[in-house]
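Engineer:
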Amino acid sequence: MKKRQLSQRKISNNVDKSQTKISSFFTKIPKAVIDDNKIVSDKNCLFQTTIERKRKERENAFEEEFHVSKKKCNLSEKSLKERYTPKTEHFESHDDSVLLSILKDFEEPYSNFKENEVTCKDTVLQKVKKEGDITVKSEQTANILQNPVIIKSVNVSDVTHNNVLKEQDINISTLESAVETSEHGKAKLHDLKKTESFEDFSVMINGDELDDFFDQKWHAQINFTTFERCKIIDVKHESKVTVLTVRHLKSEDIDFVACSGFWKDAQVKINDIVTIQATKGSRQWIVDNNNGFLVTQPDLLISGTTIMGGLFCNRRAVLTEKFRKIESLPDLNADYSVMTVGSLVHQWLQKALRENICTLSDVIKLLDDILRLKDTIDYLYASEMSLVDCRKRMMEYAPKIFEFIQHYIMGNKQHHISNLKDNFQGSINNIQDIEETVYIPQLGIKGRVDVTAEVNINSRRKIMPLELKTGRASYSLEHKGQVILYLMMMGFRDQDIDTGLLLYLKENAMQEIKSGHHEKRDLILLRNTLAHYFTKQPEDLRSINSESDPRPMELPEPINHHSACSRCSYRTLCCAYLARDPNANLSLSHPLTALLKEVKDNIETRHLDYIMKWIALLQLEESYENNNSSLSSVWTTSPEKREAKGTCICNLKIVGKVIKQEHRYQHKFARVNIKEETIENSVPGGTFTEDNYIIVSTDARVNIAAGYIMHVSYDIVKVLLDKDITQLYTNSTFHIDKYPSTGLSTFNYANIAGLLNNDETYVKLRRIVVDKKPATFVEKLPRSMVSVSARIINDLNENQQRVVLKAVAAQEYVLIKGMPGTGKTQTLVALIELLQELGSSVLITAHTHSAVDNILLKLLERNIDFLRLGSTKQIHPLLTCKNEEYALASCDSPEDLETLYNSKRIVGVTCYGAYHAFLRRRSFDVCVVDESAQIMLPTVLRPLYSARKFILVGDPDQLPPIIKNKTAAKLGADESLFIRLDSDNNTINLWKQYRMNGRIMRLANEATYRGKLVSGNKQVENATLTGTNMEQVLSSCERWVRSALSRNLNDSVVVLNTGSTYNLNVESGSRDVILDQMYSNIWEVAIILRLVQVLTEAGVCARNIGIIAPYNAHINLLKKVIDKEVEVNTVDKYQGRDKDVILYSCTKSVESDTKKEFEILDDQRRLTVAITRARHKLIIIGDKVTLLRYVPFKNLFDVIEEKNVINLQDGEEDFSWKSLIHRIDNCDKEFKD
């Protein structure tokens, strides 16, 4: 039988070295006999945890401390069923692992070596002989997990009779085939490479080889019998061991850990954070094949489903993690029906268990209730399933759910269930939780347990996780591994949780799953492998300038499996990486060889280079976000410290009753005294706002529930959670943490990868985006079209009319540059109305909800019908009657839903919301993208995939996309699609503006727009600031205030030069006012407070006054003292807004020799936004000397007349810092305190 070879490219030196390792998932790992009677028991990995609260003495970590007592290493020969006899050494094989026993069809060939003869009596093969065994020959025999760090994927050669790869539910199942015994001659060399030197193995356990590392008698400094969190301060590699020098993060004690066996080549480096559990040797702590764990990058919590998904193919698991949204792009023809039915059956059984349903009629009634839910109808529409088809397929499970409940819950034994071989013989007494969330940072793992059940088995009650599968019973490696991961996680909470249940509902086959150390070890090794790739940084790109240089993320090697590779959703992406890999060397028979050729033939090299460059840029940006995420602080920082940073509200109790609202639960939290009375004004919820997504934790457990903030006051926090937490945590103390927004990067990865698709829409976009294909236009519009447009565009000026007609004439795309105040929204509304009149469907999108809503509100005024997709909480209240939730209330089936969706010719949604199932199933004639110049290029692609033509609207001289990673920005991540395509041919300009008066417009022209802006009329050009009592109030003010607020047209732009404020020190009450002058400035706050007071007294409406500042810290300071009616916001939040008067507080005042780094003040586009928000008056407040360090401000001051710069100095023009600071004290006692 011809061999199929796996690509033999080197991933890394460590990976190459680890080729000698083997794993107990698929092979039997010999255990060294320490003495004649004792071996290390798998029970090492079980430990007990108790929680001891020290609420008032807690400093830098959780309030609780886990004191885990390690069980003594019981030594027993009962678990050993096989013996290996290599020459003079005596070893026994491990056969008590659950994951080992599931491979009933595998036979591990151990050949006689020239120097070492190993004999194996395989008792597993004596247990089961299946008919129709599938014969599998592999160059790697049955060894699938080959090393401790990069656990290799399955390499399957010729397959006969049946398919090796079966799908159970949505998971890729394990191989259920027998391995043909290899010929001795072919196996010798391979097996020698795979087999460790057992002679040295026992020596490693005794630690004798490490004498050179330790000159003195060793005394343990850190107790590694339980998991401890440490930083690596040194790594020393030896031939058979790697010694880590680690510092404990709490005690700062230093100790040594010897990693051998599969752990030797762990991907670690100095300064890495790890968690370690080890056994104590005579001279050092030991982590080897039989003892201990090393968890790398533990703050990256990987789900159990993801880990087990990586067992069959590491490469697919990494691609899925990054690009999982790619399956939701249009025209990919994915079948979602199996997933949908499985998900709904899960929900059905869980709800039946929660509501104690026990009759068949009630089970069926519950099904019909579920199918009537709006969420279900929406889900079926997304899956392209009819209600009838779904019900028919789900009804197969009705008797199975009834029988399960009768047999295991009600005690009415069902004979066919009892007679199933090895079926669970206990009963379920109580359902403790449904979809329990478990976060275990010590292991770097998270998961959601389908059912947490209290069971009775052998007259003993215990808690077990229950994992539900809806396919045929396979007890596959992936399924059992998932249960074992839950056991590992839940074992931290309760040491008695040592077994779990795996249920296949279709047959009501349910077995108890046990685990040993080797299975747990291999799962952690697999988890570490995925963590390495998930967090792998692209090469250092700081010195790279060319587009072709950046390399995207490193991937594991591809597997060699024809059916799996040909059906994989990520095969094109997988081959795109291979095409860029100079070391890729696939054999002609490899299933990816033909696919790789197809990719190279269909996608030009420069296209592939561009796509791969963007993937590398997204990785850089993602790494910045991950490094600055506050999530890990939930388990690494005390609640009090998190509260001080504004990310947590800690030490809360639940008050009042929990109120159920549909499928969520309203909780009220407060701080209470010893009498359980609410403590007034004790909740510091200033940084929390309505609709913030949060998680709730206790002293002992992270993330017991998640939900949204409903209301925050000084006394109460009202939260809507996904479960009633009082059921299990009645008397606990709770902490509410902001959950950082994650997952947006997966949208962008999928969007850019979509360009690899070869359907017409994607190919067209690839040529436009990568090659910058010029826009083309119809030479002459039909007379009928012109007559229709006349009525609609009649109210527009000539400039706006030309823009509308040019946009209609565009064949594939066009750009509209809307300069500030030029009536961009009015023009877009007319364009959309005209497109509708011409019979076109229109998709309206933008980066923000407010930008989408601004257009839709104008359409609403014109009685134009549309549908607004997105959460009701996020959209404008006036659009409620047009939002998705309101429109779908009358739909009782996915068919009704489809009819409704298809009837809407105008739809509004944000770019991220464009992943709505509706846009996967429907294509629009035109997509209009507003504020497109501030959208990342990959982000804007998703709505464009759902349209035949697009119109980008924006101003490239205003806000760019927000890129936080400076290297990524330098390499072009801040280049929007608008900027990329902007040219005289592709772009039409809106230049006649109706916002700024003549003096402010002149400043904008000279600073940014190069004279292109023109006033719409004389009234706009000559407008000045007005107030009902302006003259009288100004006459009685300080002279500097009168000058600053002068109504003279020539004084429309004023600079208030504060001078150097960084060293000012003015007494205020009993204290000195000295604050950080880098990102907040109390002196500028004092000036602004005075100006706002005068303006409001003079009759200027507070809502017509705007304050802009570059930094959030300064914004927060301003908001403490400024009238709430005055809008105070950052430059970014002010895009698209305008006010009669704008006060721009530049904030920063530093010494002249302070190092200057690129920042907001150095951004010309942000300065342009700030100065173009004002209609009648622009006042810039700042330290001129500091501002002159920045090029945009230097250029700005060059065009501002010196007479309009007011230098503020104590004693001149009635100016007094002391007087201004005292106004703050008088204005706000809270601030003073």
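If you're matching positions, the sequence shown starts at 1 in full-length UniProt numbering and goes up one per residue.
Beta carbons: idealized from backbone N, C-alpha and C, even for Gly.
(1) Keeping to the same chain, check which residues put their C-beta closer than 7 Å to that of I431; ignore five residues upstream and five downstream.
(2) Kindly list the residues whose CB is nearer than 7 Å to the CB of V1126, restricted to its own chain and excluding five residues on each side of it in sequence; keep chain order.
(3) Using the beta-carbon count (16 or more within 10 Å), is C881 buried or exposed?
(4) On the premise that L301 lies in contact with K446, defined as a C-beta separation below 8 Å, what is that separation, rounded to the nearest angstrom?
(5) Put Q661 into one of helix, strand or coil per three-state DSSP.
(6) Could you tell me the boundaries of the alpha helix (DSSP H) in which K365 lies?
(7) With C-beta atoms as the reference, is C259 less than 9 Å away from L249?
(8) If you draw a straight line from the alpha carbon of L1095 to that of G972, how long is it in whole angstroms?
(9) Do the region 785 to 802 and the region 981 to 1001 touch if we need at least three Cβ pairs shorter than 8 Å?
(10) On the DSSP bridge list, what partners appear for W635?
(11) Tell me, please, whether the region 763 to 779 touches the region 586 to 593 by the rule of three or more beta-carbon pairs shorter than 8 Å.
(12) When you compare each of A1004, T320 and A334 to D957 by their alpha carbons, which one comes out closest?
(13) Enumerate in chain order the residues of its own chain whose CB-to-CB distance from L1049 is below 8 Å, with the five nearest sequence positions on each side excluded.
(14) List the endpoints of the continuous beta strand (DSSP E) containing T1175.
(15) For S1015, which residues in the same chain have their Cβ closer than 7 Å to its Cβ, ignoring the five residues on either side in sequence?
(16) Rounded to whole angstroms, what's the CA-CA distance from R542 to P552? Just pull it up for me.
(17) Give the single residue among K1148, S629 and D737 whose Cα lies nearest to the Cα of Y1062.
(18) Taking the C-alpha atoms as reference points, what is the distance between I832 and S566?
(19) Using 9 Å as the threshold, is the C-beta distance between S890 and L919 below it?
(20) Taking just the CA atoms, how far does M490 sit from T262?
(21) Under a Cβ-count criterion, where at least 16 other Cβ atoms within 10 Å of its own Cβ denotes burial, should E884 be classed as buried or exposed?
(22) Just the Cα atoms here: how many angstroms apart are S18 and Y577?
(23) With a threshold of 8 Å, are at least 3 pairs of Cβ atoms found where one atom belongs to the region 839 to 851 and the other to the region 921 to 928?
(24) Do you know whose CA, among K668, Q661 and V655, lies nearest K675's CA?
(25) In the DSSP output, what is C230 paired with across the bridge?
(26) With H, G and I counted as helix, E and B as strand and the rest as coil, what does DSSP make of V803?
(27) I need the straight-line Cα distance from D335 to K718, nearest angstrom please.
(28) Taking Q720 and Y708 to be in contact with their CB atoms under 8 Å, please state how far apart those CB atoms are, rounded to whole angstroms.
(29) Let's see if you can read the secondary structure: which residues bound the beta strand (DSSP E) around S1145?
(30) Go through its chain and collect everything with a Cβ distance to D974's Cβ below 7 Å, but skip five positions before and after it.
(31) Could you tell me how far apart the beta carbons of L952 and S932 are, in whole angstroms, since I believe they sit closer than 8 Å?
(32) Hey, how far is the Cα of residue 1237 from the Cα of P330?
(33) According to DSSP, is H711 helix, strand or coil?
(34) I need the DSSP call for R922, collapsed to helix, strand or coil.
(35) Can you look up C575 in the DSSP assignment and give me helix, strand or coil?
(36) Roughly how many angstroms lie between the CA atoms of M612 and V599, to the nearest whole one?
Structural biologist: Taking the structure as given:
(1) L353, R354, V451 and A453
(2) V1092, A1102, I1105 and I1107
(3) exposed
(4) 4 Å
(5) strand
(6) L360 to R372
(7) no
(8) 43 Å
(9) yes
(10) In the DSSP output, where bridge partners are listed per residue, W635 has none listed.
(11) no
(12) A1004
(13) N997, G998, R999, N1022 and T1024
(14) Residue identity differs from the one stated: residue 1175 is Arg in this sequence, not Thr. Looking at the DSSP string, the run of the beta strand (DSSP E) that includes R1175 is A1174 to G1182.
(15) Q993, G998, M1001 and E1021
(16) Low confidence applies here, because R542 scores a pLDDT of 45, under 50, leaving its location unreliable and the question unanswered by this model.
(17) K1148
(18) 43 Å
(19) no
(20) Note that residue 262 is Phe in the sequence shown, not Thr. Between F262 and M490, the C-alpha separation is close to 25 Å.
(21) buried
(22) Reliability of the predicted coordinates at S18 is poor, the pLDDT of 34 falling under 50, and the value obtained from them is presented with this limitation in mind. Roughly 23 Å between the two C-alpha positions.
(23) yes
(24) V655
(25) H248 and V274
(26) helix
(27) 41 Å
(28) Reading off the sequence shown, one finds Leu at residue 720, where the question assumed Gln. Right, their Cβ atoms sit about 5 Å apart.
(29) K1139 to S1145
(30) P960, P961 and I963
(31) 4 Å
(32) The structure shown has nothing for residue 1237, since the chain only spans 1 to 1233.
(33) strand
(34) coil
(35) helix
(36) 14 Å
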